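Just below is one structure, and these are the notes that go with it.
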DNA sequence: GCGATCAGCT
DNA sequence: CACAGCTGATCGC
């Protein structure tokens, strides 16, 4: 993770001029009040120049309306398009032309999933619009707390690992389980999965949390974090936070997940990719659309054989939506799930998903259950609670790992596990961009450095990943 | 009793 | 394993 040397990434894990916490030895925090002075002129510079996107190389943002209605035509087009298309980097020539006839065009997950982008979505950003001055006050608050905490601390507190910190900035990413992080005055959250937001509770008071609007809603709704700490950022929009240019990009991971692009005052650019798995692992997954097609076909086959089959899809709190959405569309049945998940899914604000959600478990043969409930024992009991409405269960466990021990890319070789009336398929469903998409995107964007924080637990995979990124960035 | 944290288990 | 959770035990408030 060589960053400080600018153009030539070196072998060091992180720059030598970082402190033991991985922050630059030179204090870069504008806590002393400089955030408004220096920060605003810095910000003003960017805003005055209009679109200085060259470093980021992303398209300037379009009004959401200009983008919607582009697809939708192709029926249940659930194809996972490339990141390039997702980010509008390489546009098909006649993009905006015909409404709906260009299935190749995709600029957002909404379109990827054939969902109309909710009009009101952008509103959330306005209520807590972040600004340098705003952040300034956070610094002050945070400082005060620091001293207090030292006193009664059990000393058992975990220390924030260096790879969750963004060099040269007072930022951390997905670092909520360490209490107050020394030197950190803005906390970013990439997406709403437990291992990333872990530590966030209604007692959070260590500083502002920057994330996408959708993630922000979930943080407030599910974790009861005080709204005053939650700062939603629009995707594809450049913000100046503590003097650093920050842009969230669609990650093609779970709903609300974002990549974070940082551009420092000195011109260094970092791409934070919490949402990417190790490239080599990614390359072993079949495309999402193939998996979804397989699931839909399998469901239809079982239903032909036994019309009273209950279709179950296992899922964590968020993620895997397009699997059951595809089944819902193909079978033209609603989606039943419990109240807690209904609340979460409704909060996405996606009309096509919302209108398919049902609260009556006997009115739909398609149920979404927690992954933990997708096993033979639980499903057998579950079937019994449904009053003979269903005679068999066909369940899918979409996981990012079942694949490794299983069958290779040949979905048809998947052997379901049957026990009595319950049949369970483990399907290799990765909600990450593919190897080639990641490679092409990184090579296009050419950040000084790619900062992954998944798969960094052991040094070996970290090194593999960095070697991979270096190779891409070296090319050309 | 509630919440936070951790070990253990998928 | 971990693209993400769960349960149950324990401890402090």
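In our numbering, the protein residues as written are 12 to 487.
Note that the Cβ used here is the ideal one computed from N, Cα and C, for glycine as well.
Predicted, not measured: the structure shown is a model, and the values here were computed from it.
Item: Expressed to the nearest angstrom, what Euclidean distance is found between the alpha-carbon atoms of residue 167 and residue 376?; Value: The pLDDT assigned to residue 167 is 45, lower than 50, so where the model puts this residue is not dependable; a value taken from the coordinates is nonetheless given after this. Using only the alpha carbons, I get a separation of about 49 Å.
Item: Using a threshold of 8 Å, is the CB atom of residue 395 nearer than that to any non-hydrogen atom of the ligand GTP?; Value: The ligand GTP is not among the ligands present in this structure, which contains no ligands whatsoever.
Item: Between residue 282 and residue 292, is the Cβ-Cβ spacing less than 9 Å?; Value: no
Item: Drop a sphere of 10 angstroms on the beta-carbon of residue 430, count the other beta-carbons inside from all chains shown, and report buried for 16 or more, exposed for fewer.; Value: exposed
Item: In the structure shown, what three-state DSSP assignment does residue 430 receive?; Value: strand
Item: Give me the Cβ distance between residue 322 and residue 338, rounded to the nearest whole Å; I'm assuming they're in contact under 8 Å.; Value: 6 Å
Item: Using only the alpha-carbon positions, how far apart do residue 228 and residue 329 sit?; Value: 13 Å
Item: With residue 252 as the anchor, note down where its beta strand (DSSP E) starts and where it stops.; Value: 249-252
Item: Per DSSP, which residues does residue 460 bridge with? Please list them.; Value: 281
Item: With residue 332 as the anchor, note down where its alpha helix (DSSP H) starts and where it stops.; Value: 332-342
Item: For residue 386, which residues of its own chain have a beta-carbon under 6 Å away from its beta-carbon, when the five flanking residues on both sides are left out?; Value: none
Item: How would you label residue 398, buried or exposed, when you count the other beta carbons within 10 angstroms and need 16 or more for buried?; Value: exposed
Item: To the nearest angstrom, how far is the alpha carbon of residue 462 from that of residue 380?; Value: 34 Å
Item: Which residue's Cα is closest to the Cα of residue 219: 240, 343 and 179?; Value: 240
Item: Could you name each continuous alpha helix (DSSP H) segment of 4 residues or more that falls completely within the segment 299-376, going from the start of the chain to the end?; Value: 299-316, 332-342, 350-358 and 362-365
Item: Starting from residue 404 and walking both ways along the beta strand (DSSP E), at which residues does that stretch end?; Value: 403-410
Item: Terminal residues of the continuous alpha helix (DSSP H) containing residue 170?; Value: Taken as a continuous stretch (DSSP letters only), residue 170 belongs to no alpha helix (DSSP H), as it is neither H nor E.
Item: Distance, Cα to Cα, residue 181 vs residue 457?; Value: 23 Å
Item: According to DSSP, is residue 483 helix, strand or coil?; Value: helix
Item: CA-CA distance, residue 382 and residue 482?; Value: 37 Å
Item: What are the boundary residues of the beta strand (DSSP E) that residue 211 is part of?; Value: Run containing residue 211: none; DSSP gives neither H nor E here.
Item: Assuming contact is defined by CB atoms lying nearer than 9 Å, are residue 409 and residue 344 in contact in what I supplied?; Value: no
Item: Would you kindly work out how many angstroms separate the C-alpha atoms of residue 35 and residue 195, rounded to a whole number?; Value: At residue 35, the pLDDT of 31 sits below 50, so the modelled position is not reliable; the number obtained from the coordinates is stated separately. One C-alpha to the other measures close to 12 Å.
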